[in-house]
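Trainee:
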Amino acid sequence: MKNVVITGSSQGIGFGLANEFLKRSCRVMLSARSEKRLEQARSRLAATYGADMVAACPCDVTEYRKVMALWDAALAAFQKVDIWINNAGIMNTTLKYWELDPAEIAPVVTTNILGVMYGSRVALQGMIAQGSGQIYNLEGMGSNDSMRPGFTVYGTTKRAVRYFTESLVEETRDLPVQIGTLGPGIVVTDFLIENMKKMPPDEYEQVRIVYNILADKVETVTPFLVDGILANTKTGAKIDWLTDEKAAERFNSEEYASRDLLKEFGL
130 MKNVVITGSS
140 QGIGFGLANE
150 FLKRSCRVML
160 SARSEKRLEQ
170 ARSRLAATYG
180 ADMVAACPCD
190 VTEYRKVMAL
200 WDAALAAFQK
210 VDIWINNAGI
220 MNTTLKYWEL
230 DPAEIAPVVT
240 TNILGVMYGS
250 RVALQGMIAQ
260 GSGQIYNLEG
270 MGSNDSMRPG
280 FTVYGTTKRA
290 VRYFTESLVE
300 ETRDLPVQIG
310 TLGPGIVVTD
320 FLIENMKKMP
330 PDEYEQVRIV
340 YNILADKVET
350 VTPFLVDGIL
360 ANTKTGAKID
370 WLTDEKAAER
380 FNSEEYASRD
390 LLKEFGL
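Mind the numbering: the sequence shown is residues 130 to 396 in my numbering, read in order.
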């Protein structure tokens, strides 16, 4: 039985990961900023898997002391943390950079970069002390140098996450802690849906075509990621769902070219 902490896990990919870990008899500590959503998520999972298998702790990953409190809460609940996943992240409105409200910039940068850095440091210190553990950071658009209009800020943060993680892998090679990344690809979440609704009509139509080919549901992607994590035994692992090869195959596939995945979500 593994004990898992997932930041940003009251909904979306984080919730999906939690659900899959619980299916595999792992215990999970949920966390999110919204206490209401967090309790709803905990109650939902506890009803299925049992209250002793899932716990929850509110956490704003941009505040170091709150990330420390999350570790302490997990330790109190499970006595040990085997896997820590830095999943919490937010996206800015997909406007050209000069059109973007400057008030949106700092929250994206602090959540997506500082959140990963703080989470990694807290987990590293705790795992070094306990003698083992794994840390995984979520990649995204920009991690692999891909670029799209409207993703300048978000993509910058995800490229930073890749550099940070790869550097951390090198720094920790002599430690009893494994560091890796998770690449979920394009996943249809509330976050993605709301962002698409705000797009100008011409951009919306272009993005819709691509997403119908490349995007997937949370419940399609998360089992693959969780199985990859539980099977992994090395540091530096990159557990990627949507590889370049898989993306190319989809663009050449009649099945994916004709599917209308987004219609299920009212898009």
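No residue lacks a Cβ here, since even glycine has one placed at the ideal position from N, Cα and C.
Taking only the alpha-carbon atoms, compute the straight-line gap between residue 186 and residue 318 and give it to the nearest angstrom.
Mentor: Rounded to the nearest angstrom, the two C-alpha atoms are 22 Å apart.
Trainee: Look up residue 346 in the DSSP assignment and say whether it is helix, strand or coil.
Mentor: In this structure, residue 346 counts as strand in the three-state DSSP scheme.
Trainee: Under the rule that 16 or more other beta-carbon atoms within 10 Å means buried, what is residue 287, buried or exposed?
Mentor: By the 10 Å Cβ count, residue 287 comes out buried.
Trainee: Within the same chain, show all residues whose beta-carbon is closer than 6 Å to that of residue 369, passing over the 5 residues directly before and after it, in chain order.
Mentor: The residues are 312.
Trainee: Do residue 133 and residue 214 come within 8 Å of each other at the CB atom, strictly closer than that value?
Mentor: Cβ atoms of residue 214 and residue 133: closer than 8 Å.
Trainee: Could you check which residue in 192, 211 and 276 has the C-alpha nearest to that of residue 150?
Mentor: When each option's Cα is compared against that of residue 150, the closest is 211.
Trainee: With DSSP collapsed to three states, give me the class of residue 363.
Mentor: In the structure shown, residue 363 sits in coil (DSSP, three-state: anything other than H, G, I, E or B).
Trainee: Please report how far the alpha carbon of residue 247 lies from the alpha carbon of residue 383, in whole angstroms.
Mentor: Between residue 247 and residue 383, the C-alpha separation is close to 44 Å.
Trainee: How many whole angstroms separate the CB atoms of residue 305 and residue 261, which I take to be in contact at a CB cut-off of 8 Å?
Mentor: Going by Cβ atoms, the distance from residue 305 to residue 261 rounds to 5 Å, so yes, they are a contact pair.
Trainee: Taking Cβ positions, are residue 135 and residue 160 nearer each other than 8 Å?
Mentor: Yes. Within cutoff.
Trainee: In or out: residue 398 buried (at least 16 other Cβ within 10 Å) or exposed?
Mentor: Shown here, the chain extends from 130 to 396; a query on residue 398 therefore has no answer.
Trainee: Does the segment 173-181 come close enough to the segment 236-247 that 3 or more CB-CB pairs lie under 8 Å?
Mentor: Result no; under three Cβ-Cβ pairs closer than 8 Å.
Trainee: Among 223, 158, 295 and 190, which one has its Cα closest to the Cα of residue 206?
Mentor: Among 223, 158, 295 and 190, the Cα nearest to that of residue 206 is on 158.
Trainee: Does the Cβ of residue 338 have 16 or more other Cβ atoms within 10 Å, making it buried, or fewer, making it exposed?
Mentor: The residue in question, residue 338, is exposed, as its Cβ has fewer than 16 Cβ neighbours within 10 Å.
Trainee: Quick one: grab the DSSP three-state call for residue 180.
Mentor: It is coil, neither helix nor strand.
Trainee: Entirely within the segment 289-362 and at least 4 residues each: give me those alpha helix (DSSP H) ranges in chain order.
Mentor: List check, alpha helix (DSSP H) in window: 319-326, 330-343 and 347-360.
Trainee: Using only the alpha-carbon positions, how far apart do residue 295 and residue 275 sit?
Mentor: Cα-Cα distance, rounded: 18 Å.
Trainee: Report the residue ranges of all alpha helix (DSSP H) runs contained in full by the segment 131-209; include only those spanning at least 4 residues, in chain order.
Mentor: Entirely contained in the segment 131-209, the alpha helix (DSSP H) runs reaching 4 residues are, in chain order, 141-152, 164-178 and 193-207.
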